[in-house]
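Numbering (this note's numbering), first residue to last: 604 to 699.
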């Protein structure tokens with residue numbers, strides 16, 4: 604991005620057109636969700652809206668949100684580990 608694109612906002616226009624073309628390919632309920640997200644986000648932007656552009660990259664935004672979250676596999680593994688620990692404790696208590 605050069606300085607002229609940044610001043611005029613043409614870089615953002617290109618990105619928004621790209622987003623909108625991708626949204627038009629989505630099912631209707633996804634399009635409705637996108638419209639609600641847009642309606643909610645833009646009042647929180649700065650004068651240019653440039654501060655919102657990074658979070659409109661949905662994949663990266665979601666990755667950042669769930670970065671340290673546990674997966675279902677992690678939660679399931681923890682529950683299995685707890686059950687095995689309980690069972691082993693019962694067995695060792697009986698042998699004492």
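No residue lacks a Cβ here, since even glycine has one placed at the ideal position from N, Cα and C.
Taking just the CA atoms, how far does residue 682 sit from residue 695?
Residue mapping note: residue 695 aligns to position 92 of the chain shown, counting from 1. Residue mapping note: residue 682 aligns to position 79 of the chain shown, counting from 1. So the alpha carbons of these two residues sit roughly 20 Å apart.
Within the same chain, show all residues whose beta-carbon is closer than 7 Å to that of residue 659, passing over the 5 residues directly before and after it, in chain order.
Counting from one through the chain shown, the residue named residue 659 turns up at place 56. If we look at residue 659 and ignore the five residues flanking it on each side, its Cβ neighbours are 622.
For residue 656 and residue 618, which I take to be in contact (beta-carbon distance under 8 Å), what is that distance rounded to the nearest angstrom?
In the chain shown, residue 656 corresponds to position 53, counting from 1. In the chain shown, residue 618 corresponds to position 15, counting from 1. Indeed they touch by this definition, with Cβ atoms about 6 Å apart.
Check whether the Cβ atoms of residue 654 and residue 648 sit closer than 8 Å, and answer yes or no.
For this step, residue 654 is matched to residue 51 along the chain shown. For this step, residue 648 is matched to residue 45 along the chain shown. Yes, Cβ-Cβ distance for residue 654 and residue 648 is below 8 Å.
I need the straight-line Cα distance from residue 679 to residue 672, nearest angstrom please.
Here residue 679 refers to the residue found at position 76 when the chain shown is read from its first residue. Here residue 672 refers to the residue found at position 69 when the chain shown is read from its first residue. So the alpha carbons of these two residues sit roughly 14 Å apart.
How many angstroms separate the CA atom of residue 643 from the CA atom of residue 637?
Translated into the one-based positions of the chain shown, residue 643 becomes position 40. Translated into the one-based positions of the chain shown, residue 637 becomes position 34. Between residue 643 and residue 637, the C-alpha separation is close to 10 Å.
What whole-angstrom Cβ distance do residue 634 and residue 626 have, given they're in contact under 8 Å?
Sequence index remark: in the chain shown, residue 634 carries index 31 (1-based). Sequence index remark: in the chain shown, residue 626 carries index 23 (1-based). Rounded, the Cβ-Cβ distance is 6 Å, consistent with contact.
Since residue 607 is in the alpha helix (DSSP H), which residue starts that stretch and which ends it?
Within the chain shown, the letter at position 4 stands for residue 607. Where residue 607 is concerned, the enclosing alpha helix (DSSP H) stretches over 606-611.
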